[in-house]
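Enquirer: One structure coming up, written as structure tokens, with questions to follow.
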Amino acid sequence: MKNLILTAVAIAIVIAIGSAVKPYWDKYWIQREIEVAAVYGTKNTLDSTKAFLLGKLKEEGYHVREEGIFIEKDSKNTVTITVRYSDKISIFGNEVQKLNFTLTATEKEIKAYY
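In short: position in the sequence shown from 1, add 1286, done, that's our numbering.
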């Protein structure tokens, strides 16, 4: 009986830790998607870049609203993408903390010289 209780407690702790880490794990991968979109944006328009990024984020299952995506492009084709979104830490269905994230990626157009 004691082993059963210890196992249940251990499983609960693992689930709680996983729930607390998930928003930060998602933040890491969303940052990678933003960097890819910034590279894409150096060769494409702002609208197609935003559509590309939204498509990638939805494909991966991230819930980022279009209003939270800001894209700037200068005359030298340097693209800066800023994404603002909220996530939450929920343990066993109870919201423990709401987190606000702001992620930024900047990429310059690279012209190959051969």
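Here a beta-carbon is modelled for each residue, glycine too, at the ideal position from N, C-alpha and C.
Keep in mind it's a predicted model, so treat the numbers as computed, not measured.
(1) Could you tell me the distance, in whole angstroms, from the CA atom of GLU1352 to the CA atom of LEU1292?
(2) Which runs of the beta strand (DSSP E) spanning at least 3 residues fall entirely within the stretch 1352–1386, listed in chain order?
(3) Taking the alpha carbon of PHE1356 as the point to measure from, which residue in PHE1378, ASP1333, ARG1318 has its own alpha carbon closest?
(4) What does THR1390 pair with, by DSSP beta-bridge criteria?
(5) Less than 8 Å between the CB atoms is what I'm expecting for GLU1393 and VAL1325, so what's the real figure, rounded?
Expert: So, from the listed chains and residues:
(1) Taking the straight line from one Cα to the other gives about 45 Å.
(2) 1355–1359, 1365–1377
(3) ASP1333
(4) THR1368
(5) Going by Cβ atoms, the distance from GLU1393 to VAL1325 rounds to 5 Å, so yes, they are a contact pair.
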